[in-house]
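Just so you know, the sequences run in chain order C and B.
This note's numbering runs 266 ahead of the 1-based position in the first sequence.
This note's numbering runs 266 ahead of the 1-based position in the second sequence.
Where is the CB? At the ideal position from N, CA and C, for every residue including glycine.
There are 2 protein chains.
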Amino acid sequence: MKEIAGGVCAAKGFRAAGIHVGVKTHNVQKKDVALIVSDVMCAAAGVFTTNVVKAAPVLVSRAHLADGKAKAIVCNSGNANACAPQGEENAERMCDAAAKAIGCASGDVLVASTGVIGQTLKVDVIEDGVPKLYALLEASEAASDAAAHAIMTTDTVKKEVAVETTVGGKTVRMGGIAKGSGMIHPNMGTMLCFLTTDCAISPEMIHAALLETAQVSFNRISVDGDTSTNDTCIVLANGMAGNAEITEKNEDYAAFLEALKVLCTKLARMMAKDGEGAKHLITCTVQGAASEKSAETIAKSVISSTLTKAAIFGCDANWGRVLCAMGYSGESFDPDKVDVHFASGAGDIAVCEQGRGLPFDEELAKKILSEDEVEINIQMGEGDGACTCWGCDITYDYIKINGDYRT
Amino acid sequence: MKEIAGGVCAAKGFRAAGIHVGVKTHNVQKKDVALIVSDVMCAAAGVFTTNVVKAAPVLVSRAHLADGKAKAIVCNSGNANACAPQGEENAERMCDAAAKAIGCASGDVLVASTGVIGQTLKVDVIEDGVPKLYALLEASEAASDAAAHAIMTTDTVKKEVAVETTVGGKTVRMGGIAKGSGMIHPNMGTMLCFLTTDCAISPEMIHAALLETAQVSFNRISVDGDTSTNDTCIVLANGMAGNAEITEKNEDYAAFLEALKVLCTKLARMMAKDGEGAKHLITCTVQGAASEKSAETIAKSVISSTLTKAAIFGCDANWGRVLCAMGYSGESFDPDKVDVHFASGAGDIAVCEQGRGLPFDEELAKKILSEDEVEINIQMGEGDGACTCWGCDITYDYIKINGDYRT
């Protein structure tokens, strides 16, 4: 497996485009609609927000995925089309417009939105823009780049990755673009991720692979604990790599799954690192837990702890907050067996052993935590469960971004 | 029932004191040890942190409460005695010192600590200070004030309330002091609350009343979602009001419970309002929920939402974040039945009706949310369940207080 260029256009038979049509009204330089189209019909799967309050495009995409097939994705930024008048009607109109341009059924188009909540989507400008988008479709690095930018809100960097692997003796490529938390007018940090692959795989198997992958990648990051109404991750597999179609959990499935996990973990880390206002990527690894599930719950509790996030912002080796967050995670364990280390490119330091504080070099600790990417490594002494989760620190900029008045 | 002065010294037969002994080393002006003593043995009950990682004084106080009786409380600020070497030994030594001065059994003394985690408690200076504290004990407003200050860390205002009511034809008084989230060297925001009453009530009934009260007061506030290792709420009832002892859930119990709830709700609100760096007290009331429990879960999710807290900091009527937080609370409901209002002394404004945004006067909304105390009022249309929870906004100062380096 190797990393390659091209994002969502890396796999055979996928074209993309991204332009400004006018959903974002304050800045005409910012792209706001993306289109991704496969030359042929794809096996498709999606995972969506677990929030009871679901945005209209989530409901529409879920319905369009009922047959496990799709050919295209249309997405706008600047308006979440959540809790908004005519929400489903407008989401369907986006699909209709894309279907008309492409020449496919509306039910074969998936739709996503991100941005301000509760305001009517200006679907007219999107409908007007879709033919232009279609005309611009290209299978190129630049096209994937344009699409990646068109789904951004306050993200500061685009999130785009592609990998190449071998499945059933054939070269298979897969790529993705994603957005993390960010907004134009402060609202919720929506996670969107669109993945494309030329692997031949059945709808059932692509769905299984996506579920399994999301669980160990996107479901293991947290920026601020607020689960958006719009979170969406979609994968399209068009089969153009020419491998024998994967229809069961065999060796080929394992190879595909491994590549998908690498792809999604990279995108997930990018999202955590580019969390609103974040200065540090925090990687928390729990080992020696009673089970993988227990390790995951504990690691998530640590990366979600506001006090731990504030400590990392202050480059403060405040391991007491780590133990505290472990303690209220809901998992039971013996605190007197817990060891904690902080680590980064600048070194590794033990701060807590068997649940008690160790004397440590505060200067070295501060140096370690001053790096962009820092690790909190926990050894629990309970069993063999292990898990890594990713988060970010909470900063003045987070408060600024989310406290500024909408209008 | 009426509010009276005197705090923990308002009820008959209780004396208190608070002095600086040297646990807080950076500022000799700041009191750091408090002692509260009843003239006679009390029925006593406590509720403690649910964190798996429990501070030593929590373990010791819980053990000392096994017989439902106690006579005194000793508490230090400046060091949490959590995850610290010789933790239980040092907590017991605090009880021993107080017992020796008072002339009671060590098992009749309760102990609490708040402050930095993971460092050895300087128990020597506390032991040296206890005789001085004992000599200063007084049944006065000034004495309760001194004790209230001695348990503060970064609290900006002391939390002290007392009320008077009638139980079984006798005047019964009860009072309390509390501390909210704050710290000397940034650590966790510990909640401590010490309540005294002269009501005659059995250990079983005082325990039941405390559990029921904590559930609707302290358990309905959130500052930052981090449950401390040290949270402690203790009540001492010495029976000196002369009412017939309450030994069952009769009319007298109801009168006592009502007063205890008023007392604790006032203290809880004070804690939320004085949350670290907070500029706004947020009161979220959910009505029309499927049940009281459901209303509580939803209201807690709203006041705990970092994005909602940031919006209130920005005086931004960003109701989408409120709906979003309701949606990920874990409760199921129909978003299309939800109405949301923002209110304060400056007015009341409807922002969402039946799950859809309403056009509203942004200037008025901003004025309403600029008040110190703001309300988020939610009507769900599901049933008769209602609940009110209290929280605070998240501000630059929260990040500053918790991000600053410990040393």
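Chain-order list of residues whose beta-carbon lies under 6 angstroms from that of residue i (same chain, five-residue window excluded)
i	result
G353 (chain C)	A322 and N347
D362 (chain C)	S372
C655 (chain C)	R486, C550, A565, K566 and I569
T432 (chain B)	none
H473 (chain C)	A311
E407 (chain B)	A271 and G272
Q553 (chain B)	Q645 and A652
A561 (chain C)	V552, A555, G651, A652 and C653
M449 (chain C)	Reliability fails at M449 (chain C), whose pLDDT of 37 lies under 50, so the model's placement of it is uncertain and the value that follows must be treated cautiously. Cβ neighbours of M449 (chain C) beyond the five flanking positions: T419 and T420.
T479 (chain B)	L526, K527 and C530
N453 (chain B)	Low local confidence applies: a pLDDT of 36 at N453 (chain B) is under 50, so the model's placement there is unreliable, with the coordinate-based value given in what follows. Contacts found: V382 and I383.
K445 (chain C)	I417, M418, D421 and L458
K632 (chain C)	C581
Close beta carbons around residue i, own chain, < 7 angstroms, minus the five adjacent residues each side
i	result
T673 (chain B)	Because the pLDDT of T673 (chain B) is 39, which lies under 50, any placement of that residue in the model is unreliable, and the question is left without a value.
Y664 (chain C)	E542 and G543
K335 (chain C)	M307, C308, A309, A310, D374 and P469
I578 (chain B)	H546, I548, L635, V640 and D659
T422 (chain C)	D540
A571 (chain B)	Rather than Ala, the amino acid found at residue 571 (chain B) in this sequence is Ser. Excluding positions up to five away in sequence, the list reads R587 and A591.
Buried versus exposed, by CB contacts within 10 Å (16 or more), residue i
i	result
N356 (chain C)	buried
S610 (chain B)	buried
M506 (chain B)	buried
E648 (chain C)	buried
P601 (chain C)	buried
L477 (chain C)	exposed
T531 (chain B)	buried
T419 (chain B)	buried
T291 (chain C)	exposed
E269 (chain B)	exposed
S494 (chain B)	buried
E517 (chain B)	exposed
N537 (chain C)	For the sequence presented, residue 537 (chain C) should be read as Met rather than Asn. M537 (chain C) comes out buried.
C459 (chain B)	buried
Q385 (chain C)	buried
D411 (chain B)	buried
N342 (chain B)	buried
G613 (chain C)	exposed
A329 (chain B)	exposed
K409 (chain C)	Reading the sequence as shown, one finds Ala at residue 409 (chain C) and not Lys. It is buried - the Cβ of A409 (chain C) has at least 16 other Cβ atoms within 10 Å.
Option nearest residue i by Cα separation, candidates the options
i	options	result
E628 (chain B)	B:T661, B:M592, B:A583 and B:E637	B:A583
F314 (chain B)	B:C499, B:D605 and B:I443	B:C499
D497 (chain C)	C:E358, C:K436, C:L403 and C:N317	C:N317
A379 (chain B)	B:G621, B:S327 and B:L403	First, the residue type needs correcting, since residue 379 (chain B) is Ser and not Ala in the sequence shown. Looking at the Cα atoms, B:S327 is the closest of the given residues.
G284 (chain C)	C:N643, C:I443 and C:A475	C:I443
A534 (chain B)	B:V429, B:K366, B:K425 and B:M592	B:K425
K603 (chain C)	C:G613, C:G596, C:C618 and C:G508	C:C618
A218 (chain C)	C:T574, C:S598, C:F599 and C:C581	The structure shown does not extend to residue 218 (chain C), since chain C spans only 267 to 673, so no value can be given for it.
G508 (chain C)	C:S488, C:K436 and C:M440	C:K436
G593 (chain C)	C:V391, C:G621 and C:V289	C:G621
C581 (chain C)	B:G596, B:G669, B:R281 and B:V294	B:G669
V294 (chain B)	B:L630, B:V391, B:A428 and B:V429	B:V391
V377 (chain C)	C:D394, C:E358, C:V389 and C:G344	C:E358
R281 (chain C)	C:A413, C:F484 and C:A428	C:A413
M267 (chain B)	B:G441, B:A350, B:D394 and B:Q481	B:G441
T563 (chain C)	C:V429, C:V427 and C:G596	C:G596
8 angstroms Cβ shell around residue i - same chain, five flanking residues per side excluded
i	result
G279 (chain C)	S304, D305, V306, A405, D464, N504 and M506
I368 (chain C)	V303, K337, A338, V375 and Y400
A616 (chain C)	D605, V606, H607, L624 and F626
Q481 (chain C)	none
Below 8 angstroms, can you find three or more Cβ-Cβ pairs linking the stretch 396–404 of chain C to the stretch 292–304 of chain C? yes
Do the stretch 463–480 of chain C and the stretch 497–516 of chain C make contact, defined as three or more Cβ pairs closer than 8 angstroms? yes
Taking only runs that begin and end inside the stretch 596–645 of chain C, name each unbroken alpha helix (DSSP H) of 4 or more residues, in chain order. Counting only runs of 4 or more, we get 628–635.
Inside the stretch 283–323 of chain B only - beta strand (DSSP E) runs reaching at least 3 residues: 299–314
Is it true that the stretch 634–646 of chain C meets the stretch 515–523 of chain C, where meeting means three or more beta-carbon pairs spaced less than 8 angstroms apart? no
Any alpha helix (DSSP H) of 4 or more consecutive residues that is wholly inside the stretch 370–437 of chain B: 389–402 and 407–416
Uninterrupted alpha helix (DSSP H) stretches inside the stretch 463–504 of chain C (no shorter than 4 residues): 469–482
Within the stretch 515–547 of chain B, note down every full alpha helix (DSSP H) run reaching 4 residues or more, in order along the chain. The qualifying runs are 517–539.
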